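Working notes, beginning with the structure itself.
Numbering (this note's numbering), first residue to last: -3 to 607.
As structure tokens, then:
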């Protein structure tokens, strides 16, 4: 029997079996050593070309790899060995692929603790390659950075010395088929609604803005074939085709390219489907807006869209609970339910509103305000325990509630209203008691507008704190100055003599310099605070001058008992209160300075006042 026989073969395991039969030896007692391999390839079996591993890199280009006429074969130079005469394998190699066999992984696990040696990388190569031959994978083919992974592993192992764990390598990669692009209709105007939490599977009304892409038909596109690591062609599925048609009115422009057809809105509005044609409307009318019928409507206050909701049945609600309606103009004729929100530049409400409903707008007009409203200009027939914040408020009858505005106009003031204004409270007639009217610096919409009094007080406290800290630092600098100068001089002497400066000297000088730097930084901070204080004082003066021009007018001059008038000053921070009596006739109240100190004020009353 010829031992250590060397031969060239395309199938090592077939030749092992032949060798075993010839020499009457159990094949399980045989193994082989992979000495080298060679590769030949041809296109359409024309001319076979021999290639080394470097030449095989051309197949890392997908175009050549996907050539249907490609044929590859490999031949291996092996040395047949008897297992009992060679050391047993120190590695266990397990190959794994993904589902399409386009990625090959090798898991290499040490059977024992292996001490690093110079040939360990080659041994791992051989172990992986032998397993690849056994399972029918090409060697050195589309391996990309496989060798780099082995080198990196070898470098790491050289540092750690011991290999007693499992490591995973990505050996080679084929090419997955590229999925097709299915034909699809995308309704972008509906997708935008999904940002709102209360939009679900309902027959909602969808807004669109001018020049926005409303609908898009994605054109079908064929996918691309792939190939696995055993050279099997992987077909791509054909794209899916939709039968759905998109027909639009002249209110859309159509833009087409190789990828899609886009339907772009030519104006603001709502998209509706009339007789299978998509149309854009600027005005919509509903008899009800609730979760069952439409869901919330988000048209956007900057879009040129108007909405009318009309339901005159007193037992029903025109706007349902937890519904939000948003448009540029909004008219509601009917009742507004709990937790509903109306939002528009111009709002008209003819009907009742729940005390927990809200209105936000610029120009707002309502019959009865029972809930909450923020507006620029607000008008109401009646205020009934509602809350309104606006620049200007006009109310015919007010019973309970709170009004915060620059200017307040009320025809008839009944009971328990709180009115806070910056410039004017004008009442034609007071019919009830428990009303509180105050002139004060009210902050309505500008959230960035700071509380100047609090800022002024806080700034003074900060200044005092910084001054105290600066005084302490200044004292420390003063008592340390001479000793630090002496240390600096001695340090220069050490340096001149090429001797190291003692660490204690360095630390003392460094601490002294840091104190000076800290003092200078605090000085800058103090200057900034003082500048800001001056700005706040000027702001307070301007506000105070505005308050001196403010008035509370009761046109009738008659005051039922238990009504209160208040002026809230900023500087000094104090309140001046006046409680008119029933037998007094007062048409106007305002505040005036008395004395030259600019700190003393009083409320002046006028029994006759011409506007």
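Cβ atoms here follow ideal geometry from the backbone N, Cα and C, with glycine treated the same way. Quantities reported herein were computed from a predicted structural model and do not represent experimental measurements.
- Message: Measuring only the C-alpha atoms, how far is residue 304 from residue 326?
- Response: Roughly 6 angstroms between the two C-alpha positions.
- The beta strand (DSSP E) spanning residue 11 covers which residue range? Element bounds for residue 11: not the beta strand (DSSP E) but the alpha helix (DSSP H), 8 to 18.
- Message: If distances are taken between C-alpha atoms only, which option among 559, 604, 404, 175 comes closest to residue 218?
- Response: Closest option to residue 218, judged by alpha-carbon separation, among 559, 604, 404, 175: 175.
- Query: When you compare each of 311, 55, 73 to residue 224 by their alpha carbons, which one comes out closest?
  - Reply: That would be 55, whose Cα lies nearest to the Cα of residue 224.
- Message: Between residue 656 and residue 82, how many whole angstroms is the CB-CB distance? I'm expecting something under 8 angstroms.
- Response: Residue numbering for the chain in the displayed model covers -3 to 607; residue 656 lies beyond these limits and cannot be assessed.
- Flag this pair as touching only if the stretch 253 to 272 and the stretch 200 to 217 have three or more C-beta atom pairs under 8 angstroms; answer yes or no. Verdict: yes, contact present.
- For residue 295 and residue 190, the rounded distance between their alpha carbons: Using only the alpha carbons, I get a separation of about 14 angstroms.
- Cβ of residue 589 versus every heavy atom of the ligand GDP: is any distance shorter than 7 angstroms? The model on display carries no ligand, and the ligand GDP is accordingly not part of it.
- Query: Using the beta-carbon count (16 or more within 10 Å), is residue 313 buried or exposed?
  - Reply: Residue environment for residue 313: buried (at least 16 other C-beta atoms within 10 angstroms of its C-beta).
- Message: I need the DSSP call for residue 269, collapsed to helix, strand or coil.
- Response: In the three-state reduction of the DSSP assignment, residue 269 falls in the strand class, which pools E and B.
- Message: Suppose the cutoff is 6 angstroms on Cβ atoms and the five residues either side in sequence are ignored; what does the same chain contact list for residue 167 look like?
- Response: Once the five neighbours on either side are set aside, the close Cβ partners of residue 167 are 100, 102, 142.
- Message: Going residue by residue through the stretch 157 to 223, where are the continuous alpha helix (DSSP H) segments of at least 4 residues, counting only ones entirely within it?
- Response: Counting only runs of 4+ residues, the alpha helix (DSSP H) found wholly inside the stretch 157 to 223 occupies 184 to 187, in chain order.
- Out of 246, 557, 544, 473, which has the shortest C-alpha to C-alpha gap to residue 590? Measuring from the Cα of residue 590, the nearest candidate turns out to be 544.
- Message: So the candidates are 380, 361, 205, 13; which of them puts its Cα closest to the Cα of residue 371?
- Response: Closest option to residue 371, judged by alpha-carbon separation, among 380, 361, 205, 13: 361.
- Message: Restricting to Cα atoms, I'd like to know which of 333, 209, 273 is closest to residue 249.
- Response: Selection 333, 209, 273 evaluated against residue 249 yields 209 as nearest (Cα-Cα).
- Under a Cβ-count criterion, where at least 16 other Cβ atoms within 10 Å of its own Cβ denotes burial, should residue 454 be classed as buried or exposed? In summary, residue 454 is exposed, with fewer than 16 beta-carbon neighbours lying within 10 Å of its beta-carbon over all protein chains present.
- Task: Taking only the alpha-carbon atoms, compute the straight-line gap between residue 390 and residue 568 and give it to the nearest angstrom.
- Result: Annotation: residue 390 to residue 568 spans about 32 angstroms, alpha carbon to alpha carbon.
- Task: Could you tell me which residues DSSP pairs with residue 350 in its beta bridges?
- Result: Per DSSP, none; premise fails for residue 350.
- Helix, strand or coil at residue 93 according to DSSP, with G and I counted as helix: Strand.
- Message: Quick check: residue 49 and residue 136, are their CB atoms within less than 8 angstroms of each other?
- Response: Against a cut-off of 8 angstroms, the Cβ pair of residue 136 and residue 49 comes out as a contact.
- Item | Rounded distance between the beta-carbons of residue 554 and residue 575, thought under 8 angstroms | Actually they are not in contact, since the Cβ atoms of residue 575 and residue 554 sit about 15 angstroms apart, beyond 8 angstroms.
- Query: Residues in its own chain within less than 6 angstroms of residue 197 by CB, not counting five upstream and five downstream?
  - Reply: Confidence at residue 197 is low in this model, with a pLDDT of 39, below 50, so the placement of that residue is unreliable and no value is reported for it.
- Message: So for residue 363, helix, strand or coil by DSSP?
- Response: In the three-state reduction of the DSSP assignment, residue 363 falls in the strand class, which pools E and B.
- Query: Which of the three DSSP states, helix, strand or coil, is assigned to residue 436?
  - Reply: Per DSSP, reduced to three states, the secondary structure at residue 436 is coil, with no helix or strand assignment.
- Message: Beta-carbon within less than 6 angstroms of residue 222's beta-carbon, same chain only, minus the 5 sequence neighbours each way: which residues are those?
- Response: Once the five neighbours on either side are set aside, the close Cβ partners of residue 222 are 171, 172, 173, 230.
- Message: Classify residue 550: buried if its beta carbon has 16 or more other beta carbons within 10 angstroms, exposed otherwise.
- Response: Counting Cβ neighbours within 10 Å, residue 550 comes out buried, since at least 16 surround it.
- Query: Who are the Cβ neighbours of residue 244 in its own chain at under 7 angstroms, not counting the five residues just before and after it?
  - Reply: These residues qualify, in order along the chain: 259, 273, 274.
- Message: Helix, strand or coil for residue 544? Go by DSSP, reduced to three states.
- Response: For residue 544, the secondary structure class from DSSP, reduced to helix, strand or coil, is helix.
- Please classify residue 326: does DSSP put it in a helix, a strand, or coil? DSSP places residue 326 in strand when its eight states are reduced to three.
- Task: Find the nearest neighbour of residue 29 within the set 127, 151, 429, 422, judged by alpha-carbon distance.
- Result: Its Cα nearest to that of residue 29, the residue 127 stands out among 127, 151, 429, 422.
- Query: Relative to the alpha-carbon of residue 337, which residue among 19, 485, 318, 530 has its alpha-carbon at the smallest distance?
  - Reply: Among 19, 485, 318, 530, the Cα nearest to that of residue 337 belongs to 318.
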